[in-house]
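In what follows, a structure is listed as structure tokens, so that the remarks can point back to it.
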Amino acid sequence: MLYFIVPLKGRAASHDWDRVSRLCRRTLASLDQQTSREFRIFLICTDVPTGLPSHTGLEIIRESFPPPAPNKQAQIADKAAKVRRGLMAVRERGGGFVMGVDADDLVHHDLAALAAAHPQSHGWMIRSGYSYDEGSRWLEWHNDFHLRCGSSHIIRFAREELPEDLAGPAENSFALRHGHHTIAAYLAAIGRPLSVVPFPGAIYVKMTGENNTGPNPKSIGIRATVSKALRTRPVTPAIRKNFNLRPL
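Going by numbering that gives the first Met the number 0, the sequence shown opens with residue 0, and the numbers climb by one from there.
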């Protein structure tokens, strides 16, 4: 079973709650169109998105998380607490494959099928993926997607490797200790190397007006501009279908 954990910022921390809700609805629709039904979606939130349709694989976990202070560090801590609550839900179900997905990103519809076909795998990293500026007709392809976006790893966890509660130090669980920049190297070092998803696995959605991360300074300059042009791809009907990339 593949568990998608989707932490959602609260209404009080949002610039435009209607827009946050629309982005989240699109993400949930992307997750719910998996070609294998061997998955569950855990939406961790204080406030349920408006206009949320019924999803067969969705479970909403509501907690009264306090609104974070208006700074990046506090927002990251709020997100981490919600991810932790999602990992607790996976523990309650005995463990399994886990993928954290930001509430505005999109994933390929064959990820659950990949996990179902390889139940003994340690997991996967998404090395090939896209970034997308909201509303554009173009995407940028990356071959280091797992270093750019948090929605980029599928990891198999045993029940005892997952947190029991919201208290306790993060150091007690490698699931909480390592971010997307370091988790693959850590797992390889302990003899649990991740495989590579054999297709572009996700879309990192940017410029939504609600992202907590800003532009990468390395993306500025002539060399970066030329490199980006070489990686630019059109948004094709196949990409729209495979990822549920549709206008908000």
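Idealized CB from N, CA, C, for every residue including glycine.
Residue i, DSSP secondary structure in three states
i: R84; result: helix
i: I189; result: coil
i: A112; result: helix
i: Q74; result: helix
i: V29; result: Residue identity differs from the one stated: residue 29 is Ser in this sequence, not Val. Here S29 sits in helix by DSSP.
i: K8; result: coil
i: A169; result: helix
i: S53; result: coil
i: C148; result: coil
i: S20; result: helix
i: E163; result: coil
i: L247; result: coil
i: A68; result: coil
According to DSSP, residues forming a beta bridge with residue i
i: S130; result: E139, Y203
i: Y2; result: R39, V97
i: S194; result: W123
i: C44; result: R61
i: T231; result: E139
i: V106; result: A201
Distance between beta carbons of residue j and residue i, contact taken as under 8 Å
i: L186; j: L110; result: Not confirmed; about 18 Å, so no contact.
i: F64; j: K81; result: 7 Å
i: F144; j: A237; result: In fact, because the Cβ distance is near 18 Å, the residues do not count as touching under 8 Å.
i: S20; j: G50; result: 6 Å
Beta-carbon contacts of residue i that lie in its chain and below 7 Å, excluding the five residues immediately before and after
i: R83; result: P162, L165, L175
i: N241; result: H107, H108
i: P192; result: H121, L186
i: H180; result: L146
i: A11; result: P66
Run of the beta strand (DSSP E) containing residue i, from where it starts to where it stops
i: R92; result: Premise fails: R92 is in no beta strand (DSSP E) and is neither H nor E.
i: A157; result: 152-157
The ligand ZN heavy atom lying under 7 Å from the CB of residue i
i: M124; result: Questions concerning the ligand ZN fall outside what the structure shown contains, since it holds no ligand whatsoever.
Contacts around residue i, its chain only, beta-carbon distance under 6 Å, and the 5 residues preceding and following it disregarded
i: W123; result: I153, L193, S194, V196
i: F3; result: L30, I40, M98, V100
i: G213; result: Low confidence applies here, because G213 scores a pLDDT of 48, under 50, leaving its location unreliable and the question unanswered by this model.
Start and end residues, alpha helix (DSSP H) containing residue i
i: A237; result: 236-242
Residues near residue i by beta carbon distance below 8 Å, same chain, minus five either side
i: T34; result: H108, D109, A111, A112
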